[in-house]
Amino acid sequence: MSQDRHLILDNCIKCNICVANCPVVKVTDQYAGPKQNGPDLERFRLDEPAAVHPSIGYCSNCKTCDFVCPSGVNVATMNCKAKGEYVALNGAPLRDQVLGRVELICKAAQIAPSIVNWAAGVGPFRAMGEALFGVAAQMPFPRFATKTFLQQFKPKKIAHPKGKVLYYPGCYVNYYTPEVGLALAKVFAHNGIEMVVDDFNCCGLPTVSNGLMDAAKAYGVNNLAKLNRYIKEGYAVVTTCPSCNLMLRQEYHELFDMDTTLVTENTYDAFEYLLMCHEKGQLDRNLKRLPRRYGYHQPCHLRAVGYGVPSLEILRLIPELQVTALDAGCCGLSGSYGFKKEKYPIAREIGQNIVRAVADTGVKQAVTECGMCQLQVNHVTGLPVVHPIQLLAEAYGL
Amino acid sequence: MMNKKTDVLIIGAGLSGLLAAAKAVESGKGVTVAAKGMGSLSLSSGCIDLWGYDIDDPQRVCQNPLAQIARLNEVNPEHPYTKVADVLEESLRYFQGLTERYGCPYRDNGGANWLLPTALGTFRPSFLAPPSMALRDLDKAKRIVIVGYEELKDFYPEVMASNLARNGNLPESVKLTVVKLRSAWKKLYATTLAHRLEQAEGIREAVEQIKAHIVDGTVVLFPPVLGERLDIDVTGQLAKALGAPVYEVANIPPALPGQRLQQLLLKHLRNAGVDVIIGCTFTGAKVEGNRCLQVTAEGAGKTFTFSAKTYILATGAFVGGGLDSRIGEAREVIFNLPVRTAEKWASGEFLSMNGHGFNRFGIAVNDRLQPLDREGRVCLENVRITGANLAGANGPIEKCGNGIAVASGYKAGKLAGEVAQ
Ligand SMILES: Cc1cc2nc3c(=O)[nH]c(=O)nc-3n(C[C@H](O)[C@H](O)[C@H](O)COP(=O)(O)OP(=O)(O)OC[C@H]3O[C@@H](n4cnc5c(N)ncnc54)[C@H](O)[C@@H]3O)c2cc1C
Ligand code: SF4
Ligand code: SF4
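Line by line, the protein sequences are chains A and B. Letter by letter, the first sequence follows residues 238 to 635 of the working numbering. Letter by letter, the second sequence follows residues 326 to 746 of the working numbering.
Spelled out as structure tokens, the structure:
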């Protein structure tokens, strides 16, 4: 898995496939692009870590460049590190320091989620937020749940479990959409799989995307130690958020050179796990009809894992449920990126691919794994959006 | 470990892999395309080269590529075309039909090669061209307007104009005009400009600055940046607004016509129900006797497997990543198939007219595209080889890369479709 830094650099054949596919380069003249910021400048950074183009902040860390590159160059990782160097040298605006620490915002908001939700929807407050801090007023914030997932989850003891999983919900599910975690708990219990949870740090992806490398690394160290303990006790780690998944199983290693061998091997997307159960014949196939049609949006960080879309394979088992792939590429939001005043128009323009795909397919509701993608798909199209695990739970009648 | 099952697994998402998938799925079988990254289509001009120069006189452009290819049986029986001769014309018609269905009908030049202008002011032979490039009778134009952008790197209209003039193929009376546009956008990559031209603003910006140079009988030439999307006809919009025909010339990558073709094929595969997975690197195979049972893939550091009835190896050569080389040795990375090499790997000159030996490296196959060992026996009967992976062609010199990809992809897909369920 680990590759020498020079070796990866030398793999770049300057073919420009990454530039041709980068969603940001396409829609703005502000960004110098993946090849230049990644492998081109990385060569200089071997000697001079500060060789970073100031436009690096425009990389949304969508990872499209990584998976289209035919030579296996991890461009986005180079960009993340470069952004880290840039921020270490020049500092980050207060806004980015806050947006990058999702965990802190969420914890603070827990004091009074309904007041925070109310304030987040008030136009004048948002206008002030844009003028003073550069937070785009037009981008709706997700709404905090009144009770977190961890507060609501009740472990179920299963006599002879077919499997033991530790669920890592991530900030989005824990604070904004606990119903996703609860649906997963029901699906697992229904299929005789034991599920436990614990208190973890944020995976650190938003932190990395804002160039706050030290903070992200500290999260990584804590999370890894705890995850390893569970894995040694025989638990598989399961996520419902593709970004958390990618962070745990790949990025801690690539960004911080941590030893993630155990975690990489034992971390699964919820549907990847369910698919394996299905192949062993351990999944209950008694599913109710769901005579509805959804448009499926594939989150970039799920695409980046390169194993296709396990959720679609499971959803195909539900009678009469029609799921049409939107195949629109990146949704544009990329976590906190689209909340920034100067990036909001870029995020919105990239999101037009979703708008067109929805018009083309005529779907009236959408399904996708990533919380942030859910937010953006809803923002640009107005369609209701759910997580695939909610459909599965419903088809089980749970 | 996750194992994925499918009837036909195509490894590689270049032109040959995508075409193999399109053909195979017509049989009603389950088809999956999985690849490490995108193929060289988005690097290529977007035209389908079949056979560029005369076999007997390599300085001369070939007048009838199909007839010359038919002669390969005698002069170069190891050439990949000899393995796909039976479907060559059928595959080209199939390809043209597919592109027509998605509103980008690739045009032939009545059996002869097109001679298409390049950004360097030369002409390159190609067999099929998208409508935005299929330019006939440039010498009959009264005026040729070559459009560039101050903000766009990698396209120098002055260079193109002076070489075009010097090439001497054009009558004296043709007037060459260079128009260098200024865009409101400060930095332009080919894709950035393509996006800008898909907006009304981008078209307006261009038309306002070109308009004054148009007279009766003008042909307008652009770098290959006229839009990325299939549903917006930037070339048509410009032509209408300018009142003159507009074409894209061939240029170094990234060139948008190749990307549009890639997009078109991916769209078709999606409509046809093919699973396409990008970002997945294949590293090995499990073989029993002369059948492949399973292949191993890696994504985000983790290993999983695929099993299928037919495997189509469309991983390209050195550029695509299908072949790997060390000093004195070349190898195929997934099945470890024998790679046919040559005494001499490279010619001393970088741009040698005889081409480099390594371009001919590849996997030897029979006429069912099954890989052969050094004794000429089939090594894996349920594996088919396509495109740049095949031994014996010299794409850069012969100008045949995409032609072989189309014919061999089509044939492999067809054969996979015929395998009993
Ligand atoms: C810069 C350039 C310009 C060209 N221009 C033209 C032109 O104008 N006209 C023309 O006719 N021909 C042109 N060619 C040649 C032509 O593009 C190729 O011969 C042809 O497209 C090859 O297609 P392919 O499908 O065989 O392979 P490729 O397009 O190379 O695709 C290979 C695929 O396999 C994948 N892959 C490789 N290894 C693995 C692995 N281990 N696991 C998973 N996936 C893997 C890659 O990611 C990729 O998706 C050009 C070639 C280049 C490099
Ligand atoms: S990083 Fe990869 S895709 Fe980008 S130019 Fe280099 S080899 Fe090509
Ligand atoms: S991560 Fe996304 S935005 Fe950043 S360079 Fe790569 S493709 Fe572009």
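A virtual CB, placed ideally from N, CA and C, is assigned to each residue, including glycine.
Looking at C-alpha atoms only, which residue of 576/B, 540/B, 580/B and 557/B is the closest neighbour of residue 567/B? The residue with the shortest Cα to Cα distance from residue 567/B is 540/B.
Of all the residues that make up the segment 505-530 of chain A, which are near chain B by a beta-carbon distance shorter than 7 Å? Contacts with chain B (Cβ-Cβ distance below 7 Å) from the segment 505-530 of chain A involve 509, 512, 513 and 516, listed in chain order.
Is the beta carbon of residue 327/B less than 8 Å from the beta carbon of residue 484/A? Contact: no.
Could you run through the segment 533-546 of chain A and flag, in chain order, every residue whose CB is less than 7 Å away from some CB of chain B? Of all residues in the segment 533-546 of chain A, only 540, 541, 542, 543, 544 and 545 come within less than 7 Å of chain B when Cβ atoms are compared, listed by chain position.
For chain B, is any of its Cβ atoms less than 8 Å away from the one on residue 619/A? Not closer than 8 Å to any Cβ of chain B, the Cβ of residue 619/A fails to qualify, so no.
Whole-angstrom Cβ separation of residue 570/A and residue 539/A, contact assumed at under 8 Å? Rounded, the Cβ-Cβ distance is 15 Å, inconsistent with contact.
Kindly indicate if chain B contains any beta-carbon less than 8 Å away from that of residue 487/A. Yes, because at least one Cβ of chain B sits closer than 8 Å to the Cβ of residue 487/A.
CB residue 348/B to CB residue 694/B, shorter than 8 Å? No, they are not a contact pair.
Closest by C-alpha distance to residue 724/B, when choosing among 440/B, 487/B and 416/B: Taking only the C-alpha atoms, the option nearest residue 724/B is 440/B.
Compute the Euclidean distance between the alpha carbons of residue 580/B and residue 368/B, then round it to the nearest angstrom. Rounded to whole angstroms, residue 580/B to residue 368/B spans 6 Å at the Cα level.
What first and last residue would you give for the beta strand (DSSP E) that runs through residue 217/A? Residue numbering for chain A in the displayed model covers 238 to 635; residue 217/A lies beyond these limits and cannot be assessed.
Under a CB-based cut-off of 8 Å, is residue 379/A close to chain B? At least 8 Å separates the CB of residue 379/A from every CB of chain B.
Could you please give me the residues that DSSP links to residue 439/B through a beta bridge? Residue pairing by DSSP places residue 439/B opposite 451/B in a beta bridge.
If you scan the segment 576-614 of chain A from start to end, which runs of the beta strand (DSSP E) of 3 or more residues do you find wholly inside it? Inside the segment 576-614 of chain A, DSSP marks no whole beta strand (DSSP E) run of 3 or more residues.
Classify residue 627/B as buried or exposed, calling it buried when 16 or more other Cβ atoms lie within 10 Å of its own Cβ. Around the beta carbon of residue 627/B, a 10 Å sphere encloses 16 or more other beta carbons of the protein chains shown; the residue is thus reported as buried.
Is residue 520/B close to chain A? Criterion is C-beta to C-beta, closer than 8 Å. Yes - at least one Cβ of chain A is within 8 Å of the one on residue 520/B.
What are the boundary residues of the alpha helix (DSSP H) that includes residue 555/A? Taken as a continuous stretch (DSSP letters only), residue 555/A belongs to no alpha helix (DSSP H), as it is neither H nor E.
Hey, how far is the Cα of residue 337/B from the Cα of residue 411/B? So the two alpha carbons sit approximately 24 Å from each other.
Using a Cβ-Cβ cutoff of less than 6 Å, which residues in the same chain neighbour residue 715/B once the five nearest sequence positions on both sides are dropped? The answer, listed in chain order, is 405 and 687.
Among the residues of its own chain, which have a CB less than 7 Å from the CB of residue 598/A, if the five just before and after it don't count? For residue 598/A, where only same-chain residues beyond five positions count, the Cβ hits under 7 Å are 532, 561 and 563.
In whole angstroms, what separates the C-alpha of residue 544/A from that of residue 501/A? So the alpha carbons of these two residues sit roughly 14 Å apart.
Who pairs with residue 619/B in a beta bridge, going by DSSP? Residue 619/B is bridged to 611/B.
Taking 7 Å as the cut-off, is the beta-carbon of residue 598/A closer than that to any non-hydrogen atom of ligand 1? Flag unset: Cβ of residue 598/A not near ligand 1.
Got a sec, what are the start and stop residues for the beta strand (DSSP E) residue 368/A sits in? Per DSSP, residue 368/A belongs to no beta strand (DSSP E); it is in the alpha helix (DSSP H), 360-370.
Hey, is the segment 549-559 of chain A in contact with the segment 512-525 of chain B, meaning 3+ C-beta pairs nearer than 8 Å? The answer is no - the segment 512-525 of chain B does not touch the segment 549-559 of chain A, with fewer than three Cβ pairs under 8 Å.
Check for me: the alpha helix (DSSP H) holding residue 396/A runs from which residue to which? Careful: residue 396/A lies outside any alpha helix (DSSP H) and carries neither H nor E.
Cβ of residue 490/A less than 8 Å from any chain B Cβ? The beta carbon of residue 490/A falls within 8 Å of a beta carbon belonging to chain B, placing the residue at that interface.
Say yes only if the C-beta of residue 365/B is nearer than 7 Å to one or more non-hydrogen atoms of ligand 2, and no if none qualify. No, since every heavy atom of ligand 2 falls outside the 7 Å radius drawn around the Cβ of residue 365/B.
By the criterion of Cβ-Cβ separation under 7 Å, what are the contact partners of residue 256/A in chain B? Neighbours of residue 256/A on chain B, chain order: 514, 516 and 579.
Given that residue 502/A touches chain B, what residues does it touch there, using C-beta distances under 8 Å? Close to residue 502/A, with beta-carbon spacing below 8 Å, are these residues of chain B in chain order: 627.
Nonlocal neighbours in the same chain, by C-beta distance under 6 Å from residue 416/B, ignoring five residues either side: If we look at residue 416/B and ignore the five residues flanking it on each side, its Cβ neighbours are 731, 732 and 735.
Taking only heavy atoms of ligand 1 into account, decide whether any of them is closer than 7 Å to the Cβ of residue 373/B. At least one heavy atom of ligand 1 lies less than 7 Å from the C-beta of residue 373/B.
Between residue 253/A and chain B, is there a C-beta pair that is closer than 8 Å? By this cut-off, residue 253/A is an interface position.
With respect to 7 Å, is the separation between the Cβ of residue 617/B and the closest non-hydrogen atom of ligand 1 below this value? Because no heavy atom of ligand 1 lies under 7 Å away, the Cβ of residue 617/B does not count as near it: no.
When you compare the CB of residue 600/B with every CB in chain A, is at least one pair closer than 8 Å? Look at residue 600/B: its C-beta is under 8 Å from a C-beta on chain A.
Short CB-CB distance (under 8 Å) between residue 266/A and chain B: By this cut-off, residue 266/A is an interface position.
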